[in-house]
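Under numbering that gives the first Met the number 0, the first residue of the sequence shown carries the number 0, and numbering increases by one thereafter.
Glycine residues also receive a C-beta, built at the ideal position from the N, C-alpha and C atoms.
Note that the structure is predicted; figures quoted are calculated from it, not measured.
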Amino acid sequence: MNPVKALTTHGQAIWLDFLARGFIANGELKALVDSDGVRGVTSNPSIFEKAIGGSNEYDEAVSALLSERDRSASDLYETLAVEDIQRAADALHSVYDDLKGADGYVSLEVSPYLARDTEGTVAEAQRLWTSVGRDNLMVKVPGTPEGVPAIRALISQGISINVTLLFSQKMYAEVLEAYISGLEEFVAGGGDPRRIASVASFFVSRIDTAVDNQLDGKIAAASGDEKARLQALKGKVAIANAKLAYQHYLKVIGSDRWKKLAAKGAQVQRLLWASTGTKNKAYSDVLYVEELIGRDTVNTVPPATLDAFRDHGKPRDSLEQNIPDAERVLAGLAKSGISLDAITDTLVDDGVQLFAEAFDKLLGAVAQKRAAILASRIDAQTIKLPAEIEKDARALSERWRANGTIRALWQRDARVWTGGDEAKWLGWLDVVAREQNEVERYVAFSGWVKSKNFTDIVVLGMGGSSLGPEVLAETYGQIDGFPKLRILDSTDPAQVRRTEAAINLDKTLFIVSSKSGGTTEPNALMEYFFVRAGAKAAERFVAVTDPGSSLEKVATARGFAQIFHGEPTIGGRYSVLSPFGLVPAAAAGIDISELLGLASAMVRSCGPDVPPAENPGVQLGLALAASAKHGRDKLTLTGSKRIADFGAWAEQLIAESTGKNGKALIPLEGEPLGKPEIYGKDRVFIDLRLKDDSDSARETALAALESAGNPVVRITVTSPAHIGQEFFRFEIATAVAGAVMGVNPFDQPDVEAAKAKTRELTSAFEASGALPAETAVATDGAIAIFTDTANADALRKSGADGDLASWLKAHLARIKAGDYIAALAYLDRNDANIAAIQNIRKTIRDSKQAATCVGFGPRFLHSTGQAYKGGPNNGIFLQITSDNADDLDVPGQKISFGVIEAAQARGDFGVLAERGRRALRLHITGDVAKGLAAIDAAVQSALK
Numbered sequence: 000m001n002p003v004k005a006l007t008t009h010g011q012a013i014w015l016d017f018l019a020r021g022f023i024a025n026g027e028l029k030a031l032v033d034s035d036g037v038r039g040v041t042s043n044p045s046i047f048e049k050a051i052g053g054s055n056e057y058d059e060a061v062s063a064l065l066s067e068r069d070r071s072a073s074d075l076y077e078t079l080a081v082e083d084i085q086r087a088a089d090a091l092h093s094v095y096d097d098l099k100g101a102d103g104y105v106s107l108e109v110s111p112y113l114a115r116d117t118e119g120t121v122a123e124a125q126r127l128w129t130s131v132g133r134d135n136l137m138v139k140v141p142g143t144p145e146g147v148p149a150i151r152a153l154i155s156q157g158i159s160i161n162v163t164l165l166f167s168q169k170m171y172a173e174v175l176e177a178y179i180s181g182l183e184e185f186v187a188g189g190g191d192p193r194r195i196a197s198v199a200s201f202f203v204s205r206i207d208t209a210v211d212n213q214l215d216g217k218i219a220a221a222s223g224d225e226k227a228r229l230q231a232l233k234g235k236v237a238i239a240n241a242k243l244a245y246q247h248y249l250k251v252i253g254s255d256r257w258k259k260l261a262a263k264g265a266q267v268q269r270l271l272w273a274s275t276g277t278k279n280k281a282y283s284d285v286l287y288v289e290e291l292i293g294r295d296t297v298n299t300v301p302p303a304t305l306d307a308f309r310d311h312g313k314p315r316d317s318l319e320q321n322i323p324d325a326e327r328v329l330a331g332l333a334k335s336g337i338s339l340d341a342i343t344d345t346l347v348d349d350g351v352q353l354f355a356e357a358f359d360k361l362l363g364a365v366a367q368k369r370a371a372i373l374a375s376r377i378d379a380q381t382i383k384l385p386a387e388i389e390k391d392a393r394a395l396s397e398r399w400r401a402n403g404t405i406r407a408l409w410q411r412d413a414r415v416w417t418g419g420d421e422a423k424w425l426g427w428l429d430v431v432a433r434e435q436n437e438v439e440r441y442v443a444f445s446g447w448v449k450s451k452n453f454t455d456i457v458v459l460g461m462g463g464s465s466l467g468p469e470v471l472a473e474t475y476g477q478i479d480g481f482p483k484l485r486i487l488d489s490t491d492p493a494q495v496r497r498t499e500a501a502i503n504l505d506k507t508l509f510i511v512s513s514k515s516g517g518t519t520e521p522n523a524l525m526e527y528f529f530v531r532a533g534a535k536a537a538e539r540f541v542a543v544t545d546p547g548s549s550l551e552k553v554a555t556a557r558g559f560a561q562i563f564h565g566e567p568t569i570g571g572r573y574s575v576l577s578p579f580g581l582v583p584a585a586a587a588g589i590d591i592s593e594l595l596g597l598a599s600a601m602v603r604s605c606g607p608d609v610p611p612a613e614n615p616g617v618q619l620g621l622a623l624a625a626s627a628k629h630g631r632d633k634l635t636l637t638g639s640k641r642i643a644d645f646g647a648w649a650e651q652l653i654a655e656s657t658g659k660n661g662k663a664l665i666p667l668e669g670e671p672l673g674k675p676e677i678y679g680k681d682r683v684f685i686d687l688r689l690k691d692d693s694d695s696a697r698e699t700a701l702a703a704l705e706s707a708g709n710p711v712v713r714i715t716v717t718s719p720a721h722i723g724q725e726f727f728r729f730e731i732a733t734a735v736a737g738a739v740m741g742v743n744p745f746d747q748p749d750v751e752a753a754k755a756k757t758r759e760l761t762s763a764f765e766a767s768g769a770l771p772a773e774t775a776v777a778t779d780g781a782i783a784i785f786t787d788t789a790n791a792d793a794l795r796k797s798g799a800d801g802d803l804a805s806w807l808k809a810h811l812a813r814i815k816a817g818d819y820i821a822a823l824a825y826l827d828r829n830d831a832n833i834a835a836i837q838n839i840r841k842t843i844r845d846s847k848q849a850a851t852c853v854g855f856g857p858r859f860l861h862s863t864g865q866a867y868k869g870g871p872n873n874g875i876f877l878q879i880t881s882d883n884a885d886d887l888d889v890p891g892q893k894i895s896f897g898v899i900e901a902a903q904a905r906g907d908f909g910v911l912a913e914r915g916r917r918a919l920r921l922h923i924t925g926d927v928a929k930g931l932a933a934i935d936a937a938v939q940s941a942l943k
């Protein structure tokens, strides 16, 4: 008789430790059932990884699934695995039927990530049991301390279980007890135990590998009889351990307790010998089959071991032979000072880790197939790093994979960051899915806006409430049949007046957007435009705010047309894919369903089931963190003209999230690209290019920068509607970078300081009718120069006198390698002022090879202001203010917009000074254009 088939006459079943789709489809499994008497099949992550990741056998199936709808990597894997298990179960069902449920099983493993999670294991096992829907399925559960109670619970629910990763007799005894206890509970509830089966997978060869390794060390140090005694233990411990485990099994099934269950038809929990492929070539390739043959057991073998045993295996009743010898072997091992318990404990941990690693590879392979098949439906990303940074980024990636950090992030584990309140601010992780359920409301709102024949929409907001909508407005442009989307996020009187002049108040929808409802700027703007809009203003006002905010109360009292609630667990800068971005988008006619649908593809690409190496958001975040460790903490953001405004949104996200505790990534939005020689060694370049962008000059510049050894990230945005993918990619990347840097990326502890200073000044104005007096350190024509005492003293020592150029020369001379300079303008953010500030910026950059930032206040206070005050002291600040000759009153308040702006500028500067920042303020009296020209000329003179 075929030696494999002959094993059944000794009471042992052979299961195959292998599974693949083609193997079932071409009849090979059925042939082994017929020829060798194979009675079962086991799978594990390693098997599926080889089957799915190691060939193109599953490509067609993955493509078919994705043609139905996009799916996550885990969804794709599980769908494929369930199909394979179902087909294998069907192929073995004749065995199951012939043996009346005693055999014919196929095993499918719960996620190895759940090995230490009892509740998670139970939930997933229940789901897999239902999904497969085959009575000859066994769900594999690891024999960890956390797995034991899950085993009992699942057996008590009538689910057949294959317990895996058993190495020690002690843990096996606990597993057998869990099986029996679960059966008793099931029977007590009226269940029929005949429909439940279980095996306890006891691993063999890995024990000998580990023991032999320790024995070799002792043998090398021993001599004489001791050397021989130790040598005699090699290759014996695993079999001895297994035989004694079987002795425990025999004792238990001989008990009265078991006999009561057996009388009701309960099946024994068979011991299954796993890891029976011989690792040591000095041993017989069928050692772990021949020596472990006995009734009520299973041996699960890889194909090579099956072939070997068929060829030269010798079946015999070996399992109950030489039990005293087995006891002596284990006693001899203990005498040698080697702890089998310690080895088996380590093997369990290693086994969990190995299966998790295999699962990582499996999901990574599936993620790669998904990305390749979806192609341009997911924006492409390439990251080019210098060798030393690439090495560190790879090490970070492997550490995150091994520690399961991306899963912990998605599980909202604050320990990923600082262990603070981070878990309270992670609602953005699943906001896309939540908002997809609200699409009908956005469609209805869009229809309502269109029906009112509005010509314009003005968003009154700051920071996260304004920058996201601004990106959408610039990226999409005005959509036919819908009003033009405008953003007003300034208290500058000229900018407020300019916005008012551009619109028809009677045909404008105002969206007041504030999470807390207490933000100064949108409240002042709301009061102004609510009065200016006339008696029926409420019909043209909509609020977006968190539930219960002061804004909600005002909007309700005034009868606003609609109120949309934000999600309190999402901070402002992460809120663009929530109502704070989607309400303005819907009003402007943007297809919210398309925007969210495309964004969801990136959510899945960056999900918890995608290992770091294949996870685009994680890869970007780790690359930025690794670059920062090498001093490259300035991020130059560039992009195609249509989507260039994305940089302003990303600037806030990155700076406000990472700039604290003396650390920061400093994003540089709007700084034009130059030749490599004008940059220091502190840069990373990130470019977003629309797929149809024909601007070759920018790519030429990027290629030159890359060749010069600078990190360069290129992201290809398939279409404007894909901008939602980039919002999520950068949110994940920023959260990841913050984790590596050791900061909480969801708070902004230093923003409040400037607000407090501003409140002090506005309170003083309300009390006296004027802001506190201040004295310039120098005046040069229309430019008054202000700074604190410490800065003034330092600059005078460096040659500053009454001349503006001398003050600027001394100030700019303080720029050192690794510093950046920020021009902070509290002016009307119009084209002329932007161009003038940009020219000043470019002059300084090209001369000093320094990173440069430009911010218009008070807008930047809710953005980069956090990093300027809370980040490292490597910033040089040049604040520019002006008189507001044509001011605007805020209705119902003593202060005007000009006073608010002036107070904000002075409050901002005061905090910079308190933090020891190198700061200088230039105040323009009279014509702003002439003042900026004078500053430009002085800068050029100072840099000669």
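Return the chain-ordered list of same chain residues with a C-beta closer than 6 angstroms to the C-beta of R193, the five sequence neighbours on each side being excluded. G264
V602 versus P857: straight-line alpha-carbon distance, rounded: 32 angstroms
In whole angstroms, what is the alpha-carbon distance linking V898 and D888? Near 9 angstroms, if we compare the C-alpha coordinates of D888 and V898.
Between the CA atoms of I642 and Y475 - distance to the nearest angstrom: 9 angstroms
Using the Cα positions of G558 and A532, report the straight-line distance between them to the nearest angstrom. Their Cα atoms are separated by approximately 14 angstroms.
Helix, strand or coil: how does DSSP classify N872 here? coil
Please name the residue, chosen from Y527, L689, E290 and L329, that lies closest to A379 on a Cα-to-Cα basis. L689
For D545, the three-state DSSP class (helix, strand or coil): coil
Looking only at DSSP bridge pairs, what is I160 linked to? V138 and S197
Between the Cα of H922 and the Cα atoms of L576, L931, Q618 and R916, which residue gives the shortest distance? Nearest C-alpha to H922: L931.
What is the DSSP secondary structure of G854, counted as helix, strand or coil? DSSP places G854 in strand when its eight states are reduced to three.
Can you check whether the CB of F185 is closer than 8 angstroms to the CB of I218? no
Cross-strand partners of L165 (DSSP beta bridge): F201
Would you identify the three-state DSSP class for H564, choosing helix, strand or coil? strand
Closest by CA to V750, which one among A821, K868 and K633? K868
May I ask which residues mark the beginning and end of the beta strand (DSSP E) holding N298? T296 to V300 is the span of the beta strand (DSSP E), which, as asked, contains N298.
Within the region 666–716, note down every full beta strand (DSSP E) run reaching 3 residues or more, in order along the chain. 682–689 and 711–716
Between N972 and W416, which are expected to be in contact by the criterion C-beta below 8 angstroms, what is the C-beta distance as a whole number of angstroms? Any answer about residue 972 is impossible in this case: the structure gives the chain only from 0 up to 943.
Burial state of G276, where buried means 16 or more other Cβ atoms lie within 10 Å: buried
Should the region 225–239 be called in touch with the region 275–290, which here means at least 3 C-beta pairs below 8 angstroms? yes
Alpha helix (DSSP H) containing V105: first to last residue? Run containing V105: none in the alpha helix (DSSP H); it sits in the beta strand (DSSP E), Y104 to E108.
Beta-ladder partner(s) of K892, from DSSP: With the sequence shown as reference, residue 892 is identified as Gln, and Lys is not the correct amino acid for it. In the DSSP output, where bridge partners are listed per residue, Q892 has none listed.
Bridge partners - F540, DSSP secondary structure assignment: F509
Rank G103, S130 and V138 by C-alpha distance to the C-alpha of T120 and give the top, closest one. V138
Tell me whether the beta-carbon of L459 lies closer than 8 angstroms to the beta-carbon of L550. For L459 and L550, no; Cβs fall outside 8 angstroms.
Sequence ranges, beta strand (DSSP E) only - wholly within the region 553–634, length at least 3: 561–564
Given that a residue counts as buried once 16 or more other Cβ atoms are within 10 Å of its Cβ, and exposed if not, what is P771? exposed
Using a threshold of 7 angstroms, is the CB atom of K169 nearer than that to any non-hydrogen atom of the ligand COA? Judged by which ligands are present, the structure shown has none, so any question about the ligand COA falls away.
In the DSSP assignment, find the unbroken beta strand (DSSP E) run with Q11 in it and report its ends. That run of the beta strand (DSSP E) goes Q11 to L15.
Start-to-end residues for the beta strand (DSSP E) that takes in W257: No beta strand (DSSP E) contains W257, which is instead part of the alpha helix (DSSP H) from D255 to A262.
On the three-state DSSP scale, how would you describe V40? strand
Cβ separation of Y825 and E900, assumed to be a contact under 8 angstroms, to the nearest whole Å: 6 angstroms
Thinking C-alpha only, which one of A835, V210, I388 and L332 is nearest V927? A835
Helix, strand or coil for Y287, going by three-state DSSP, please let me know. helix
Mapping the DSSP letters down to three states, classify D378 as helix, strand or coil. In the structure shown, D378 sits in coil (DSSP, three-state: anything other than H, G, I, E or B).
Measure the Cβ-Cβ separation of V198 and R269 and say whether it is below 8 angstroms. Contact: yes.
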